[in-house]
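Numbering (UniProt numbering), first residue to last: 1 to 603.
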Amino acid sequence: MRRHFLRLFRLRNLLMLTILVILLYIVKAFNEINRVNSGVQGKAAVVKDSYPERDYFVPTSLKKIDWHNYKQIEYESTRQGIGEHGVTAQLPKSKAALEEQLYSVNGFNGALSDKIPLNRSLPDIRHPGCKKKLYIESLPTVSVVVPFHNEHWSTLLRTAYSVINRSPEFLIKEVFLVDDASTKEFLKQKLEDYLAHHLPKVKVLRLQERSGLIAARLAGARVAKADVLLFLDSHTEASVNWLPPLLEPIALNYRTVVCPFIDVIAYDTFEYRAQDEGARGAFDWELFYKRLPVLPKDEANMPEPFESPVMAGGLFAISRKFFWELGGYDPGLDIWGGEQYELSFKIWQCGGRMVDAPCSRVGHIYRKFAPFPNPGHGDFVGRNYRRVAEVWMDEYAQYLYKRRPHYLKIDTGDISEQKALRKKLGCKSFRWFMTQIAFDLTAKYPPVEPEPFAEGRIRPVSHPHLCLDMHRGEQKDILLIKSCMQSASTEQHFVLSWHKDIRSKDRNMCWDVPDSTPKRPVLFYSCHLGGGNQLWRYHLDTKQLKHGGNNNCLDWEKATRNVFINRCSDAMSQQWEVDRVDAQAMKNWDKMLLKVTGPVEDY
Numbered sequence: 001m002r003r004h005f006l007r008l009f010r011l012r013n014l015l016m017l018t019i020l021v022i023l024l025y026i027v028k029a030f031n032e033i034n035r036v037n038s039g040v041q042g043k044a045a046v047v048k049d050s051y052p053e054r055d056y057f058v059p060t061s062l063k064k065i066d067w068h069n070y071k072q073i074e075y076e077s078t079r080q081g082i083g084e085h086g087v088t089a090q091l092p093k094s095k096a097a098l099e100e101q102l103y104s105v106n107g108f109n110g111a112l113s114d115k116i117p118l119n120r121s122l123p124d125i126r127h128p129g130c131k132k133k134l135y136i137e138s139l140p141t142v143s144v145v146v147p148f149h150n151e152h153w154s155t156l157l158r159t160a161y162s163v164i165n166r167s168p169e170f171l172i173k174e175v176f177l178v179d180d181a182s183t184k185e186f187l188k189q190k191l192e193d194y195l196a197h198h199l200p201k202v203k204v205l206r207l208q209e210r211s212g213l214i215a216a217r218l219a220g221a222r223v224a225k226a227d228v229l230l231f232l233d234s235h236t237e238a239s240v241n242w243l244p245p246l247l248e249p250i251a252l253n254y255r256t257v258v259c260p261f262i263d264v265i266a267y268d269t270f271e272y273r274a275q276d277e278g279a280r281g282a283f284d285w286e287l288f289y290k291r292l293p294v295l296p297k298d299e300a301n302m303p304e305p306f307e308s309p310v311m312a313g314g315l316f317a318i319s320r321k322f323f324w325e326l327g328g329y330d331p332g333l334d335i336w337g338g339e340q341y342e343l344s345f346k347i348w349q350c351g352g353r354m355v356d357a358p359c360s361r362v363g364h365i366y367r368k369f370a371p372f373p374n375p376g377h378g379d380f381v382g383r384n385y386r387r388v389a390e391v392w393m394d395e396y397a398q399y400l401y402k403r404r405p406h407y408l409k410i411d412t413g414d415i416s417e418q419k420a421l422r423k424k425l426g427c428k429s430f431r432w433f434m435t436q437i438a439f440d441l442t443a444k445y446p447p448v449e450p451e452p453f454a455e456g457r458i459r460p461v462s463h464p465h466l467c468l469d470m471h472r473g474e475q476k477d478i479l480l481i482k483s484c485m486q487s488a489s490t491e492q493h494f495v496l497s498w499h500k501d502i503r504s505k506d507r508n509m510c511w512d513v514p515d516s517t518p519k520r521p522v523l524f525y526s527c528h529l530g531g532g533n534q535l536w537r538y539h540l541d542t543k544q545l546k547h548g549g550n551n552n553c554l555d556w557e558k559a560t561r562n563v564f565i566n567r568c569s570d571a572m573s574q575q576w577e578v579d580r581v582d583a584q585a586m587k588n589w590d591k592m593l594l595k596v597t598g599p600v601e602d603y
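Quick look at the structure:
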């Protein structure tokens, strides 16, 4: 009996000890969750310096909360003054000289920017569903990296203020303004003194010599300590509740990269407006950035994040761990150009995923012109493109070289480390990327350009000695009728391309009619491959050149030789001969479109 009692006593003690250990672990875990997740703006007041060190962020709670800072939103709603709420602003005519001076050094209206508050309010132009969206309460910390070179004072500081003011304080670990060897005096000690007094979380990181955008981003990324790297340009403004939509997908999968919707800040009036309501990043075979429509399944799922093949450029969030797993940017890329393709291809081909987040919106000033001189590095963009093509594009690189054959003469430099990285990571082929991720890109931007439907001189049937001609005017190039001639001063050779636009043979300029008003002249604008104002069809039976989706046809006036659109009719002035027409190509292309998009109007 005594032995049995002792056995029970030991079992009881062991059970109590086990329960005590379990309770200690529960208390420790509970304290850690409270420490990490306390301080949500608008709900709690605790501010943390950092999360514990780890390889990558792991959310401790998947509970979803409302991250809106309603106090900040209410405060901004009451603000009044020039430029507030993103409304168009102007300076009096007496400031015209100052405006012109600052335009010339910035490419935007710096004089107006200086009159707009650094912490100005912005309109909430998000999808209505964004206002009700909840995000997990356990989100990673962020290091914001903003490279700049001779950026204007007020636009640089407005970038920093918008990040600090519209982000939960404890999520922003640090903001680095990476100075790429600026020469403006106010960007030196004056900037550091201002930040120390007004924005202590924002630090300046100096590069001793001009190294370019890519090197500046890498420099900021190397010193960053937070879980997520968030890259911005130096003339941007973060909008309401912009940060949680960027961070949640990364918190759930550290190999997800997230881009905000990029809105437009007008370079002249600083109006804040939408660029559009979403499109997927893409490229043509000269590596010009293009956009593809949002897929129907994603359109129906708005405003949830949707996959995009290519990022637009320098505005994105990426896990610090994943960024360095991918080797960061290729350090052999010089100045700027091609870096968004290199990183986008790496993300997808090496096990990652990239999405656009409609509920995160950041405004960006698109300069009227680039104010910086060429850094004297030769064709650095061409060299960058070739490095990207040689490492990541496999057999598809030939399509770039077919359009830019001189790239083959450019020395890529040593790319052995980049190729070794691709092998080490077991990255997929570019064919996989093109067929699985950018699967609809080739329908709009085919690697092998189809032959044109028609090309050559375009002449009125009634006056075969006259030709349509591209006339270079003071304001805009315009379409006129002139005598047919073989002269270097005339541009009378046109191409009716498979995009169903009509372009100059030797320049990327297309016939464009801004609206459908009768007697509207035909202008020339850069070809945008998107139909609309540049959509034309040639009808073989009537000899008419019909514009857009309306009932307007190309017409002309014998007395003035002016060319314009007019309501389609039986008039001889609307009948045109084209030197070479491929009627079968027209029919074949329409048959192909019929399979993909449904009925289309014949030529």
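Beta carbons: idealized from backbone N, C-alpha and C, even for Gly.
Self-check item: Sheet register partners of Y272 (DSSP bridge)
Solution: The residue given as residue 272 occupies position 272 in the sequence shown. Looking at the DSSP output, Y272 sits in a beta bridge with I265.
Practice problem: List the endpoints of the continuous alpha helix (DSSP H) containing P244. | Solution: The residue given as residue 244 occupies position 244 in the sequence shown. Taken as a continuous stretch (DSSP letters only), the alpha helix (DSSP H) holding P244 covers L243 to L252.
Exercise. Ignore the nearest five residues each way along the sequence and tell me which others in Y385's own chain have a CB closer than 6 angstroms to its CB.
Key: To locate residue 385, count along the sequence shown from 1; it is residue 385. Here the set comprises L287 and G338.
Quiz item: Excluding sequence positions up to five away, which residues of its chain have a Cβ less than 8 angstroms from the Cβ of F433?
Solution: On the sequence shown, residue 433 is found 433 positions in, with the first residue counted as 1. So the qualifying residues of the chain are P309, F345, W348 and Q349.
Quiz item: Exposed or buried, which one is N69 when buried takes at least 16 other CB atoms within 10 Å?
Solution: Residue mapping note: residue 69 aligns to position 69 of the sequence shown, counting from 1. N69 should be labelled buried.
Quiz item: So, helix, strand or coil for I502, using DSSP?
Solution: For the purposes of this step, residue 502 is taken as residue 502 along the sequence shown, with counting starting at 1. Residue state, collapsed to three classes: strand.
Quiz prompt | alpha helix (DSSP H) segment containing T517, residue limits | solution = Reading the sequence shown from its first residue, position 517 is the one you call residue 517. Bounds of any alpha helix (DSSP H) do not take in T517, whose DSSP letter is neither H nor E.
Quiz item: Would you say the segment 260-278 touches the segment 79-89, given that touching needs at least three Cβ pairs under 8 angstroms?
Solution: They touch, by the three-pair rule.
Exercise. Would you identify the three-state DSSP class for W536, choosing helix, strand or coil?
Key: Numbered from its first residue, the sequence shown carries residue 536 at position 536. DSSP places W536 within a strand segment (E or B) once states are collapsed to three.
Self-check item: Pairwise C-alpha distance: H235 and C359
Solution: In the sequence shown, the residue the question calls residue 359 occupies position 359. In the sequence shown, the residue the question calls residue 235 occupies position 235. Note on geometry: alpha-carbon atoms of C359 and H235 lie some 20 angstroms from one another.
Exercise. Starting from K203, follow its DSSP beta bridges and name the residues at the other end.
Key: In the sequence shown, counting from the first residue as 1, residue 203 sits at position 203. Partner(s): F176.
Exercise. Along the alpha helix (DSSP H) that carries G220, what are the first and last residues, could you check?
Key: Here the question's residue 220 lines up with position 220 in the sequence shown. For G220, the enclosing alpha helix (DSSP H) has its first and last residue at L213 to V223.
Practice problem: Using only alpha-carbon positions, find the residue among L333, G278, K93 and P117 that is nearest to D414. | Solution: By one-based count along the sequence shown, residue 414 stands at place 414. That would be L333, whose Cα lies nearest to the Cα of D414.
Quiz item: Is it buried or exposed for H197, if we count other Cβ within 10 angstroms and need 16 for buried?
Solution: For this step, residue 197 is matched to residue 197 along the sequence shown. The residue in question, H197, is exposed, as its Cβ has fewer than 16 Cβ neighbours within 10 Å.
Quiz item: S143: buried (16+ other C-beta within 10 angstroms of its C-beta) or exposed?
Solution: Within the sequence shown, the letter at position 143 stands for residue 143. It is buried - the Cβ of S143 has at least 16 other Cβ atoms within 10 Å.
Practice problem: Can you tell me which of I565, V105 and P514 puts its alpha carbon nearest to the alpha carbon of S182? | Solution: Counted from its first residue, the sequence shown places residue 182 at position 182. For S182, the closest C-alpha among the options I565, V105 and P514 is that of V105.
Quiz item: Over what stretch of residues does the alpha helix (DSSP H) that includes W153 continue unbroken?
Solution: Counted from its first residue, the sequence shown places residue 153 at position 153. W153 to N165 is the extent of the alpha helix (DSSP H) around W153.
Quiz item: Can you tell me where the alpha helix (DSSP H) with D414 in it begins and where it stops?
Solution: Numbered from its first residue, the sequence shown carries residue 414 at position 414. Element bounds for D414: n/a, residue is neither H nor E.
Quiz item: Since F231 sits in a beta bridge, which residues does DSSP pair it with?
Solution: Your numbering for residue 231 matches position 231 in the sequence shown. Bridge partners of F231: V145 and F316.
Exercise. Specify the secondary structure class of K423 as computed by DSSP and reduced to three states.
Key: Taking the first residue of the sequence shown as 1, we reach residue 423 at position 423. It is helical.
Quiz item: Since W285 and R403 are thought to touch, with beta carbons under 8 angstroms apart, how far apart are those beta carbons, to the nearest angstrom?
Solution: Along the sequence shown, read from residue 1 onward, the residue named residue 285 stands at position 285. Along the sequence shown, read from residue 1 onward, the residue named residue 403 stands at position 403. So it is a contact: roughly 6 angstroms between Cβ atoms.
Quiz item: From what residue to what residue does the beta strand (DSSP E) around residue 609 run?
Solution: Absent from the structure is residue 609, since the part of the chain shown begins at 1 and ends at 603.
Self-check item: Secondary structure of residue 607, DSSP reduced to three states
Solution: Outside the shown range of the chain, which is 1 to 603, sits residue 607, and nothing can be said about it.
Quiz item: N566 and S516: beta carbons closer than 8 angstroms?
Solution: Position 566 of the sequence shown, counted from the first residue, corresponds to residue 566. Position 516 of the sequence shown, counted from the first residue, corresponds to residue 516. No, they are not a contact pair.
Quiz item: Tell me which same chain residues have a C-beta within less than 6 angstroms of the C-beta of G110, skipping the five on either side of it?
Solution: Locating residue 110 in the sequence shown gives position 110, counting from the first residue. Excluding residues within five positions, the ones whose Cβ falls inside 6 angstroms are L102 and H152.
Quiz prompt | CA-to-CA distance, D477 to Q398, given in whole angstroms | solution = Here residue 398 refers to the residue found at position 398 of the sequence shown. Here residue 477 refers to the residue found at position 477 of the sequence shown. Roughly 34 angstroms between the two C-alpha positions.
Exercise. Using only alpha-carbon positions, find the residue among A266, I265 and V228 that is nearest to C259.
Key: Indexing the sequence shown from 1 puts residue 259 at position 259. If we check each option's Cα against that of C259, V228 comes out closest.
Quiz item: Which one of G456, C484 and E342 has the shortest CA to CA distance from R422?
Solution: Counting from 1 along the sequence shown, the entry for residue 422 is found at position 422. Comparing C-alpha distances from R422 to each of G456, C484 and E342 shows the shortest one belongs to E342.
Exercise. Indicate whether L468 and V581 have their beta-carbon atoms separated by less than 8 angstroms.
Key: Taking the first residue of the sequence shown as 1, we reach residue 468 at position 468. Taking the first residue of the sequence shown as 1, we reach residue 581 at position 581. Taking 8 angstroms as the Cβ cut-off, L468 and V581 do not qualify as a contacting pair.
Practice problem: Under the assumption that R361 contacts I125 (Cβ atoms under 8 angstroms), give the Cβ distance between them as a whole number of angstroms. | Solution: The residue labelled residue 361 in the question sits at position 361 within the sequence shown. The residue labelled residue 125 in the question sits at position 125 within the sequence shown. Contact check for R361 and I125: beta-carbon distance about 7 angstroms, within the 8 angstroms limit, so the pair qualifies.
Quiz item: Nearest CA to the CA of K188: which residue from W536, K93 and L207?
Solution: Indexing the sequence shown from 1 puts residue 188 at position 188. Per the C-alpha coordinates, the member of W536, K93 and L207 positioned closest to K188 is L207.
Self-check item: Residue interval of the alpha helix (DSSP H) (run including N106)
Solution: Walking along the sequence shown from the start, residue 106 turns up at place 106. Membership of N106 in the alpha helix (DSSP H) is indicated by the continuous run A96 to N106.
Quiz item: L315 and D233 look like a contact to me (Cβ under 8 angstroms); what is the Cβ gap, rounded to whole Å?
Solution: As a working mapping, residue 315 is identified with position 315 in the sequence shown. As a working mapping, residue 233 is identified with position 233 in the sequence shown. Contact between L315 and D233 holds: their C-beta atoms lie close to 7 angstroms from each other, under 8 angstroms.
Quiz item: Can you give the Cα-Cα distance for Y401 and T412, rounded to whole angstroms?
Solution: The residue labelled residue 401 in the question sits at position 401 within the sequence shown. The residue labelled residue 412 in the question sits at position 412 within the sequence shown. The alpha-carbon of Y401 is positioned some 14 angstroms away from that of T412.
Quiz item: Given that a residue counts as buried once 16 or more other Cβ atoms are within 10 Å of its Cβ, and exposed if not, what is L120?
Solution: The residue labelled residue 120 in the question sits at position 120 within the sequence shown. One detail in the question is off: residue 120 reads as Arg in this sequence, not Leu. Buried, because 16 or more other Cβ atoms sit within 10 Å of the Cβ of R120.
Practice problem: Please classify E325: does DSSP put it in a helix, a strand, or coil? | Solution: Here residue 325 is taken as the residue at index 325 of the sequence shown, counted from 1. Of the three classes helix, strand and coil, the one that applies to E325 here is helix, per DSSP.
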